[in-house]
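Going letter by letter, the sequence shown gives residues 148 to 218 in our numbering. For reference, the structure is listed below as structure tokens.
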Amino acid sequence: MSIEINAPMTGKIVSIVVNLGDKVNAEDEVVIMDAMKMEIPVYAPAEGTVKEIKVKEGDLVKTDQVLMILG
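Now the structure itself:
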């Protein structure tokens with residue numbers, strides 16, 4: 148079962164906190180975005196292993212765009 152982590156709003160990826168293969172718990176910070184001149188942390192919605200990272204630092208993303216996939 149795959150779990151998508153989506154962007155909560157339009158913004159820029161400032162930092163990717165995890166790497167491929169990392170195990171994360173629910174509510175772990177995985178990405179930091181910049182939106183409206185504020186840093187917005189994005190949290191894992193559930194426990195899993197990072198299977199795919201679909202963005203890189205500096206990317207502009209839209210609301211609900213898939214940032215990464217947990218397995």
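For every residue, glycine included, the Cβ atom is placed at its ideal position computed from N, Cα and C.
Taking the beta strand (DSSP E) that residue i belongs to, which residues open and close that run?
i, result
"T196", "G195 to I200"
"A182", "E176 to A182"
"M185", "M185 to Y190"
"G158", "G158 to I163"
Look at the Cβ atom of residue i, then the Cβ atom of residue j, and state whether they are nearer than 7 Å.
i, j, result
"V165", "L214", "no"
"I152", "D206", "no"
"K217", "I163", "The sequence given here has Leu at residue 217, not Lys. No, the Cβ-Cβ distance between L217 and I163 is not below 7 Å."
Taking C-alpha atoms, which residue in the options lies nearest to residue i?
i, options, result
"K170", "M156, K184 and E199", "E199"
"M156", "A173, A182, T196 and D175", "A182"
"E176", "K184, E194 and T210", "E194"
"M148", "E204, T196, T210 and V208", "T196"
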